[in-house]
Amino acid sequence: MTASHPPYRVLCLSGSLRRDSWNRRLLRAAAAHAPATLSLQLYEGLGQVPLFDEDLERTGPKGLAGVDALRSAVAAADGLLIATPEYNHSLPGVLKNALDWLSLDSPQGEVLDRKPVAITGASTGPWGTRLAQTALRQVLHACGALVMPAPTLFVASAASRFEDDGMLADEALAASLHRMTIALERWIAQLRPDTQEARLVCG
Ligand SMILES: Cc1cc2nc3c(=O)[nH]c(=O)nc-3n(C[C@H](O)[C@H](O)[C@H](O)COP(=O)(O)O)c2cc1C
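Below, the structure is given as structure tokens:
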């Protein structure tokens, strides 16, 4: 099938900053198995986002370079794909911290408002981040993001899914990532303002 639009830009956020993180590997694998209608890019600057402090907002852009870069990247993206680990039955502070910054109005606007988002997550345990993803969904909802309801993807026993070099070694997971990214492409297409306007015009 020929794409009828330029690839949608999807910014990928990993809730883990760890170099060999399973969640980063999962996002790289998602990029490898996505349809040509999506262009996935892993955001590498989450570690430069300071701890949330409303006072910092008043010190100007100099004190907020990490936040500014993240806001701009999110604003420029057609959609987000977030992979979260689970820490103590919830999402990691790194991710919650970034989302708290992104939830504020800013020179780039309210960048999460009506932003199409898909979520997934990998953990080494047997539950595959079910609690973390539930908490993440709730936070994103509060920020006005539009979280794709299905398909869900909980990656348990993450260490057994990848080769030593970080490449995906699990055909079923590769197929799930392909399904999820196809669904994300449709989710973005259906929520785009031009699609919504066309629906209103056509009744
Ligand atoms: C502080 C801490 C708390 C954790 N809590 C949980 C948990 O509640 N549930 C779970 O399934 N895994 C838990 N884990 C395991 C992580 O989900 C697992 O190490 C995961 O692979 C980390 O993500 P990463 O590989 O992307 O860095 C915890 C790990 C850490 C370091």
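Residue 208 is where the sequence shown ends in this note's numbering, and the numbering goes up by one at each step.
Backbone N, C-alpha and C define an ideal beta-carbon position, used for all residues, glycine too.
### Query
Assuming Ala161 and Pro131 make a contact with CB atoms under 8 Å, what is their CB distance in whole Å?
Confirmed, Cβ separation roughly 5 Å.
### Query
Just to check, is the beta-carbon of Asn28 closer than 7 Å to a non-hydrogen atom of ligand 1?
Checking every heavy atom of ligand 1 against the Cβ of Asn28, one is found closer than 7 Å.
### Message
Is any non-hydrogen atom of ligand 1 found closer than 7 Å to the C-beta of Glu123, if you look at the structure I gave you?
### Response
Residue 123 is actually Ala in this sequence, not Glu. No.
#### Entry: Contacts around Leu86, its chain only, beta-carbon distance under 7 Å, and the 5 residues preceding and following it disregarded
Once the five neighbours on either side are set aside, the close Cβ partners of Leu86 are Val15, Cys17, Leu32, Ala35, Leu45, Ala123 and Leu189.
### Query
Would you call the region 107 to 119 and the region 135 to 153 in contact, with 3 or more CB pairs under 8 Å?
In this structure the region 107 to 119 lies against the region 135 to 153, because at least three pairs of beta carbons, one per stretch, are closer than 8 Å.
### Task
Quick one: give me the first and last residue of the beta strand (DSSP E) that Ser19 is part of.
Following the DSSP letters along the chain, one finds Ser19 inside the beta strand (DSSP E) bounded by residues Tyr13 to Ser19.
### Message
For a test of the three-state rule: what should DSSP assign to Glu190, helix, strand or coil?
### Response
In the structure shown, Glu190 sits in a helix (DSSP, three-state: H, G or I).
### Where Val116 falls: helix, strand or coil (DSSP)
In the structure shown, Val116 sits in coil (DSSP, three-state: anything other than H, G, I, E or B).
### Message
Using 8 Å as the threshold, is the C-beta distance between Thr134 and Pro97 below it?
### Response
No, Cβ-Cβ distance for Thr134 and Pro97 is not below 8 Å.
#### Entry: Inter-stretch contact at 8 Å, needing at least 3 Cβ pairs: the region 68 to 78 / the region 104 to 114
When C-beta atoms of the region 68 to 78 are compared with those of the region 104 to 114, three or more pairs fall below 8 Å, so the two segments count as touching.
### Query
Using a Cβ-Cβ cut-off of 7 Å (strictly less than) and excluding sequence neighbours within five positions of Arg4, which residues of its own chain qualify?
This structure leaves residue 4 out entirely; the chain is present only between 6 and 208.
### Message
Quick check: is any heavy atom of ligand 1 less than 7 Å from the C-beta of Thr129?
### Response
Taking the Cβ of Thr129 as the reference point, at least one heavy atom of ligand 1 falls within a distance shorter than 7 Å.
### Query
Taking Cβ to Cβ, would you say Ala164 is nearer than 8 Å to Thr125?
No, the Cβ-Cβ distance between Ala164 and Thr125 is not below 8 Å.
### Query
Cα separation between Thr139 and Ala70?
Thr139 and Ala70: Cα-Cα distance of roughly 30 Å.
### Task
Quick one: give me the first and last residue of the beta strand (DSSP E) that Gly84 is part of.
Looking at the DSSP string, the run of the beta strand (DSSP E) that includes Gly84 is Gly84 to Ala88.
### Task
Have a look at His10, Leu145, Pro198 and Thr200 and flag the residue whose alpha-carbon is nearest the alpha-carbon of Asp105.
Closest by C-alpha distance to Asp105, out of His10, Leu145, Pro198 and Thr200, is Leu145.
### Message
Going by DSSP, what residue range makes up the beta strand (DSSP E) through Gln46?
### Response
Annotation: the continuous beta strand (DSSP E) that includes Gln46 extends over Leu43 to Leu47.
### Task
For the beta strand (DSSP E) holding Ala137, just list the boundary residues, first then last.
Taken as a continuous stretch (DSSP letters only), Ala137 belongs to no beta strand (DSSP E), being part of the alpha helix (DSSP H) at Arg135 to Ala147.
### Message
At a cut-off of 7 Å, would you count Tyr48 as near ligand 1, judging by its Cβ distance to the nearest heavy atom?
### Response
Not so, every heavy atom of ligand 1 lies at least 7 Å from the Cβ.
### Message
Can you find the residues in the same chain that come closer than 8 Å, C-beta to C-beta, to Arg191, ignoring five residues on each side of it along the sequence?
### Response
Within the same chain, Arg191 has no close Cβ partners at all.
#### Entry: Close beta carbons around Leu107, own chain, < 8 Å, minus the five adjacent residues each side
Result list for Leu107: Leu75, Arg76, Val79, Val116, Leu117 and Cys148, in chain order.
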